[in-house]
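Q: Note that the protein sequences, when read in sequence, are chains D and L. Basically the numbering used here = 1-based index in the first sequence + 28. Basically the numbering used here = 1-based index in the second sequence + 1. Even for Gly, the Cβ is constructed at its ideal location relative to N, Cα and C.
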Amino acid sequence: MALDKQTAAKREFKVVGTRPLRPDGVDKVTGKALYGADLTAPGMLVARILRSPHAHARIRAIDTSAAEAAPGVKAVVTAADFGAPADEAVRDVLVNCMAHDKALYDGHAVAAVAAISEAAAKAALKLIKVDYEVLPHVTDVDAAMKPGAPVIQPGRQAETVGTEVSENVTHYCEFGHGDLEAGFAKADHVIERSFKTEATHQGYIEPHACLASFASDGKADLWCCTQGQYMVRNLCSQIMGMEASQLRVTPSEIGGGFGGKTTVFIEPVALMLAKKSGRPVKIVMSRSEVLRATGPTCSSSMGVKIGMTKDGRITAGHAKLRYQGGAFPCGTVEFGAMAAFAAYDLDAVRTEGWNAMTNRPKQAAYRAPGAPMSIYGVESVVDELCQHFGLDPLDVRLKNAAKAGTKASYGVTFTDIGLSACLAKAKAHPHYTAPLKPGQGRGVSCGFWFNFGGDTCVTLNVNSDGTVSVTEGNPDIGGSRASIGMMAAEELGVTFDKVRTQVVDTASLGYNEVTDGSRVTFAVGLATIKAAQAAKKVMCQRAAKIWGIDEEAVVWEDGAARPSGPNAGQFPPMTLAEIAAVSSQTGGPIAGHHEVNADGAGVSFGVHLVDVEVDPETGATKVLRYTVFQDAGKAVHPSYVEGQMQGGAAQGIGWALNEEYIYGDDGKLQNPGFLDYRVPVASDLPMIDTVILEIPNPGHPYGVRGVGETSIVPPLAAIANAVSRAAGVRLTSLPMSPPRILAALDAAHPAAAAE
Amino acid sequence: MRFEVATSVADAVRLLAAEPGTARVLAGGTDVLVQLRSGMVEPALVVDIKRIAGMRDIVAEAGGFRIGAAVSGAELGEHAGVRAMWPGVVEAMELIGSTQVQGRATLAGNLCNASPAADSVPAMVAAEAVARVAGPDGERDVPVAAIPSGPGRTTLARGEFITSIFLPARPARSSDAYLRFIPRTEMDIAVCSAGVSLTLGADGTCTAARVALGAVAPTVVLVPEAGAALVGTTLGTEALDALAAACAAAAKPIDDKRGTVAFRKKVAGVLARRATIIAAERARAEA
Ligand SMILES: Cc1cc2nc3c(=O)[nH]c(=O)nc-3n(C[C@H](O)[C@H](O)[C@H](O)COP(=O)(O)OP(=O)(O)OC[C@H]3O[C@@H](n4cnc5c(N)ncnc54)[C@H](O)[C@@H]3O)c2cc1C
Chain D
29 MALDKQTAAK REFKVVGTRP LRPDGVDKVT GKALYGADLT APGMLVARIL RSPHAHARIR
89 AIDTSAAEAA PGVKAVVTAA DFGAPADEAV RDVLVNCMAH DKALYDGHAV AAVAAISEAA
149 AKAALKLIKV DYEVLPHVTD VDAAMKPGAP VIQPGRQAET VGTEVSENVT HYCEFGHGDL
209 EAGFAKADHV IERSFKTEAT HQGYIEPHAC LASFASDGKA DLWCCTQGQY MVRNLCSQIM
269 GMEASQLRVT PSEIGGGFGG KTTVFIEPVA LMLAKKSGRP VKIVMSRSEV LRATGPTCSS
329 SMGVKIGMTK DGRITAGHAK LRYQGGAFPC GTVEFGAMAA FAAYDLDAVR TEGWNAMTNR
389 PKQAAYRAPG APMSIYGVES VVDELCQHFG LDPLDVRLKN AAKAGTKASY GVTFTDIGLS
449 ACLAKAKAHP HYTAPLKPGQ GRGVSCGFWF NFGGDTCVTL NVNSDGTVSV TEGNPDIGGS
509 RASIGMMAAE ELGVTFDKVR TQVVDTASLG YNEVTDGSRV TFAVGLATIK AAQAAKKVMC
569 QRAAKIWGID EEAVVWEDGA ARPSGPNAGQ FPPMTLAEIA AVSSQTGGPI AGHHEVNADG
629 AGVSFGVHLV DVEVDPETGA TKVLRYTVFQ DAGKAVHPSY VEGQMQGGAA QGIGWALNEE
689 YIYGDDGKLQ NPGFLDYRVP VASDLPMIDT VILEIPNPGH PYGVRGVGET SIVPPLAAIA
749 NAVSRAAGVR LTSLPMSPPR ILAALDAAHP AAAAE
Chain L
2 MRFEVATSVA DAVRLLAAEP GTARVLAGGT DVLVQLRSGM VEPALVVDIK RIAGMRDIVA
62 EAGGFRIGAA VSGAELGEHA GVRAMWPGVV EAMELIGSTQ VQGRATLAGN LCNASPAADS
122 VPAMVAAEAV ARVAGPDGER DVPVAAIPSG PGRTTLARGE FITSIFLPAR PARSSDAYLR
182 FIPRTEMDIA VCSAGVSLTL GADGTCTAAR VALGAVAPTV VLVPEAGAAL VGTTLGTEAL
242 DALAAACAAA AKPIDDKRGT VAFRKKVAGV LARRATIIAA ERARAEA
């Protein structure tokens with residue numbers, strides 16, 4: 029049969045690019061959708077987790093006897109109940125779920141109780157006696173890197189790390205090309221600045237929740253709120269020492285993840301309690317547990333040096349990045365180092381990264397992990413150089429922009445990318461030339477993310493009533509069921525309402541990587557299109573059979589099988605519904621499958637433009653206007669693309685202005701709640717305007733690029749640049765909370781401060 | 002934990018006085034319930050006072066208003082008389098929480114929760130509001146400023162609770178205003194705050210002024226020097242500078258996760274200055 033040969037760019041879409049209502053919307057707004065905490069089972073127990081009150085302490089002994097004897101208690105677990113998984117990374121996950129010989133951070137789980145009620149479980153927690161030997165702690169990345177710092181875990185250092193730093197430094201990486209010294213020598217001006225960013229949390233509305241059930245024959249079931257049921261299955265089966273097939277994991281609806289639900293925190297504990305008690309066990313985290321003991325992003329300390337000629341050509345760039353990702357080795361700094369200068373076409377560039385362990389929770393992915401911080405540093409220095417030379421910040425970025433053929437600092441050579449197009453669109457946008465009042469400032473920043481494809485599999489069933497069921501394995505966190513269904517409808521030539529997309533459990537479909545890396549619309553979309561093509565092929569075969577002609581003489585066009593030309597014979601076209609209705613007579617049910625390790629995700633660039641006003645008497649920043657420009661390749665459902673662009677901007681604004689993990693001198697987290705961990709509320713933000721660019725990704729049949737992550741990258745620098753211009757002082761530390769801005773203003777204007 | 006719904010003031014007093022363990026009055030519950038859920042308090046007894054007759058009434062009295070202890074922020078905000086006379090107290094109360102919280106939260110609860118950052122308290126102190134306290138020894142009237150004794154602590158004795166808050170009558174050309182600083186635009190807690198109540202003479206000269214600051218000390222701070230800086234002036238730059246300096250000097254804040262000493266001292270003055278300007282505009286508009 030003949031499949032579509034037209035290129036993505038020229039393709040006319042019927043469904044893709046429209047804005048149908050999301051299929052999960054009604055359930056969600058009427059409260060019917062089942063989230064992690066909504067699941068129950070007969071005989072279910074409730075579990076609570078005992079957490080370390082110390083930032084760093086040796087656990088000399090745990091006495092659980094009183095708790096075990098307490099009324100209503102059915103099981104108590106500690107690290108002693110678990111074995112040691114062979115894989116080091118899996119072992120780290122386990123140790124993070126349940127402290128072994130040491131409590132590594134404030135909030136680290138040390139024991140758990142399953143009981144017949146929450147009250148009984150809570151009461152039993154108080155009966156557990158933990159004998160702690162409190163150890164010196166360190167939470168700051170620079171302090172943790174110094175020789176002599178308290179060592180979180182000995183023996184975890186990679187060979188690439190030098191000996192001049194603490195044993196906490198686990199990882200060193202380096203990227204780049206060209207002659208830095210010669211580059212800086214060519215510059216008319218060189219600026220070198222130090223930056224700090226605080227750890228932020230993904231801030232998903234839904235706390236982690238799960239329900240585990242263990243049968244006496246060794247089979248287990250787990251329902252949980254996650255970004256990846258297969259990841260949960262693989263981690264938990266290794267931790268529990270069972271075969272993957274014996275553990276079925278079913279994902280619930282998910283109330284946000286943003287990367288934070290790409291690992292496990294409570295699931296192995298629930299499984300072990302279920303195994304020990306023989307009863308289903310449910311765990312729901314509180315908000316304070318989420319903030320203390322799940323995975324925020326890295327905090328960072330950075331040095332960035334950039335040279336520029338007076339006409340705005342960047343001659344060299346060098347970034348030194350120091351990230352901490354909590355009490356375990358963490359490779360996120362590598363992404364930061366690769367991404368830092370991605371927006372620029374440079375002859376001489378180098379990035380270096382160090383990761384240090386601290387007494388903080390194990391970091392988890394957060395939208396474009398590692399990139400927002402390093403790009404914040406680079407984009408801040410570029411802005412300051414623009415100010416120094418009096419150059420237009422968009423012109424300078426256009427002049428230096430990476431394009432097809434540019435060798436990126438991390439080694440790859442870019443193909444078609446949308447950066448210059450985004451910059452040009454921003455320059456031409458009315459926002460860029462709108463007048464500003466005194467006290468206001470405008471900031472610009474580029475952003476970048478790699479995007480990812482990965483292992484994916486999709487089954488598409490054509491039902492005998494002419495409807496289509498798409499079975500996929502990626503929890504829908506951004507409206508992907510709509511986009512996947514739309515691509516299936518497009519490819520099959522049916523309307524969107526004929527397609528229902530389901531996210532299924534681990535026993536119902538082959539392996540899928542987690543919903544991350546902005547991969548789902550790209551990779552699952554690609555697999556869906558290929559599965560639909562496979563189904564079309566079957567339908568063409570069925571039509572050929574009915575017509576009694578050669579399979580090759582049938583084509584699929586406009587939702588129907590047709591004879592490929594006058595020579596093939598004269599038959600009226602058969603629609604999908606018509607072929608499906610008689611499938612039983614022509615060979616049985618019709619389905620298409622596709623299994624792939626998807627390549628060609630296509631990198632993603634964006635440009636953000638923001639206007640702010642700074643109150644010079646209080647240091648308060650008001651975001652006045654915000655516009656996001658981003659290359660989506662092809663926007664399948666434009667509303668959800670816009671939603672991703674707006675959501676990333678909103679989270680980035682929070683990161684830039686108010687969100688931060690605040691640790692006291694005692695190493696305890698001081699703000700484990702949404703009162704003092706300040707995500708922006710609706711009234712803090714203006715409407716975030718969006719401009720979608722569509723530079724087709726050659727790696728996808730419809731040109732799709734992932735859009736979920738790039739949007740959180742530019743806000744940090746865009747806001748910092750706007751605030752610095754509005755306030756007249758350069759801010760180099762995030763968040764730019766009012767006390768920090770006021771202190772910077774007072775330092776810059778001592779006379780006014782004295783008033 | 003025992004839960005009781007009091008049917009009269011005497012009933013409530015009897016229940017509260019008889020409890021040997023920790024007892025909590027329940028008004029709107031917007032603090033109590035949060036504290037119960039988080040395990041911060043585990044009281045032996047909770048007494049709901051909302052059903053007591055008169056607790057939800059706002060009554061004109063002696064030219065001012067008596068506000069029942071269970072009147073919610075939303076009800077207060079809808080009362081045209083209180084709004085006109087004490088717009089600063091009303092705006093302070095209305096800043097509390099969200100629409101949902103407004104349907105429940107009370108002035109007396111905000112006062113008795115005794116947070117240094119409570120929003121309505123500086124405005125009530127500037128207004129010279131008086132709390133009526135019922136207890137085993139009968140009734141007494143206590144200036145609002147004398148109720149909190151430290152974070153989470155009040156001067157109320159065992160068995161005592163507040164039945165109403167009284168906002169007194171005002172001379173002509175009087176008004177008030179309240180401002181708080183929060184890093185967000187809503188759903189937040191004051192990093193520092195200022196309530197200002199003042200009266201202007203016929204010629205625009207300030208004849209009386211009271212300034213109170215929140216979140217800069219263990220309890221609300223009345224700053225007589227700040228009020229004095231305004232009296233006798235037409236509220237020009239010099240007077241406002243003196244007011245801000247007096248506020249900065251009177252503020253005894255701490256460094257914490259919400260702000261620094263330097264920030265709170267400076268911004269307390271800034272807010273007092275801005276609140277004064279608003280109160281004066283309102284007072285002039287009144288004339
Ligand atoms: C989401 C949210 C947002 C909030 N935002 C703010 C805010 O912006 N600003 C702010 O100041 N507060 C805020 N609060 C706190 C709270 O809403 C206020 O303090 C409110 O005024 C408390 O009133 P209530 O009637 O609900 O008190 P309750 O919770 O009923 O009681 C509070 C305390 O006072 C005691 N009490 C109550 N009434 C009496 C009485 N008549 N006599 C003696 N003792 C009494 C109680 O025993 C308890 O200790 C917020 C709370 C929430 C949940």
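Does DSSP put M313(D) in a helix, a strand or coil?
A: coil
Q: Per DSSP, Y351(D) forms a beta bridge with which residues?
A: S328(D) and N383(D)
Q: Which residues, in order along the segment 172–197 of chain L, keep a beta-carbon less than 8 Å from a beta-carbon of chain D?
A: F182, P184, R185, T186, E187, M188, D189, I190 and V192
Q: Can you name the start and end residues of the beta strand (DSSP E) that V193(D) belongs to?
A: Careful: V193(D) lies outside any beta strand (DSSP E) and carries neither H nor E.
Q: List the residues of chain L that L319(D) touches, going by C-beta distances under 7 Å, in chain order.
A: Per Cβ cutoff of 7 Å: no residues; L319(D) is ~13 Å from chain L at best.
Q: Classify A588(D) as helix, strand or coil using the three-state DSSP reduction.
A: Strand.
Q: Provide the residue span of the alpha helix (DSSP H) that contains Q274(D), from first to last.
A: That residue, Q274(D), is in no alpha helix (DSSP H); it is neither H nor E in DSSP.
Q: Name the one or two DSSP bridge partners that G521(D) has.
A: None, per the DSSP bridge assignment.
Q: Would you tell me roughly how many angstroms separate the C-alpha atoms of A30(D) and Q569(D), rounded to the nearest one?
A: At A30(D), the pLDDT of 44 sits below 50, so the modelled position is not reliable; the number obtained from the coordinates is stated separately. If you take the alpha carbons of A30(D) and Q569(D), they lie about 12 Å apart.
Q: Between the Cα of D627(D) and the Cα atoms of D483(D), I574(D), L637(D) and F633(D), which residue gives the shortest distance?
A: Answer by Cα proximity: D483(D).
Q: Please compile the residues from chain D whose C-beta is within a distance smaller than 7 Å of the C-beta of G260(L).
A: P767
Q: Is T107(L) near ligand 1, judged by its Cβ being under 7 Å from some heavy atom?
A: yes
Q: Determine the chain D residues that contact A263(L) at a beta-carbon separation under 9 Å, and present them in chain order.
A: Per Cβ cutoff of 9 Å: P767, L770, A771, D774 and A781.
Q: Determine the closest residue to H217(D) out of F242(D), G287(D), D411(D) and F293(D), with distance taken between C-alpha atoms.
A: By alpha-carbon distance to H217(D), the top candidate from F242(D), G287(D), D411(D) and F293(D) is D411(D).
Q: For P291(L), list the residues DSSP reports as bridge partners.
A: Absent from the model: residue 291(L). The displayed extent of chain L is 2 to 288, so no value can be given.
Q: Along the chain, where does the alpha helix (DSSP H) that runs through F363(D) open and close?
A: Start and end: T360 to A367.
Q: Using the C-alpha atoms, what's the distance from A750(D) back to D373(D)?
A: Answer to the nearest angstrom: the Cα atoms are 24 Å apart.
Q: Measuring CB atoms only, is the segment 684–692 of chain D touching the segment 236–251 of chain L, in the sense that at least three cross pairs come out at less than 8 Å?
A: no
Q: Are at least three pairs of beta-carbons, each pair with one atom in the segment 540–549 of chain D and one in the segment 266–277 of chain D, less than 8 Å apart?
A: They do not touch, by the three-pair rule.
Q: Report the three-state DSSP secondary structure of A19(L) (helix, strand or coil).
A: helix
Q: With a Cβ-Cβ cutoff of 8 Å, do M56(L) and G74(L) count as a contact?
A: no
Q: List the endpoints of the continuous alpha helix (DSSP H) containing E92(L).
A: P88 to E95
Q: When the Cβ atoms of the segment 160–172 of chain L are set against those of the segment 109–127 of chain L, are three or more pairs found closer than 8 Å?
A: yes
Q: Taking C-alpha atoms, which residue in M41(L), V48(L) and R181(L) lies nearest to V14(L)?
A: V48(L) is the residue among M41(L), V48(L) and R181(L) whose C-alpha sits nearest the C-alpha of V14(L).
Q: Counting only beta-carbon separations shorter than 8 Å, does V271(L) have a partner in chain D?
A: yes
Q: How about P324(D): is its C-beta nearer than 8 Å to some C-beta of chain L?
A: no
Q: Taking 7 Å as the line, does the beta carbon of T220(L) fall inside it for any heavy atom of ligand 1?
A: Checking the Cβ of T220(L) against ligand 1 gives no.
Q: Taking contact to mean at least 3 C-beta pairs separated by less than 8 Å, is the segment 242–262 of chain D in contact with the segment 294–312 of chain D?
A: Three or more beta-carbon pairs drawn from the segment 242–262 of chain D and the segment 294–312 of chain D are found closer than 8 Å, and the two stretches are therefore classed as touching.
Q: With DSSP as the reference, please indicate the residues paired to D639(D) in a beta bridge.
A: The partner list for D639(D) (beta bridge, DSSP) reads R470(D) and R653(D).
Q: Can you grab the Cα-Cα spacing for the pair G231(D) / G288(D), in whole Å?
A: Between G231(D) and G288(D), the C-alpha separation is close to 9 Å.
Q: Flag F162(L) as yes when its Cβ comes closer than 7 Å to any non-hydrogen atom of ligand 1, and as no otherwise.
A: yes
Q: Along the chain, where does the beta strand (DSSP E) that runs through A135(L) open and close?
A: V131 to G136
Q: Check the Cβ-Cβ distances between V26(L) and every residue of chain D, and say whether any is below 8 Å.
A: no
Q: In the DSSP assignment, find the unbroken alpha helix (DSSP H) run with R425(D) in it and report its ends.
A: Per DSSP, the continuous alpha helix (DSSP H) segment holding R425(D) begins and ends at P421 to N428.
Q: Would you list the one or two residues that DSSP bridges to Y179(L)?
A: Beta bridge pairing from DSSP links Y179(L) with G196(L).
Q: For V268(L), go through chain D and note every residue whose CB falls closer than 7 Å to its CB, in chain order.
A: Simply T646.
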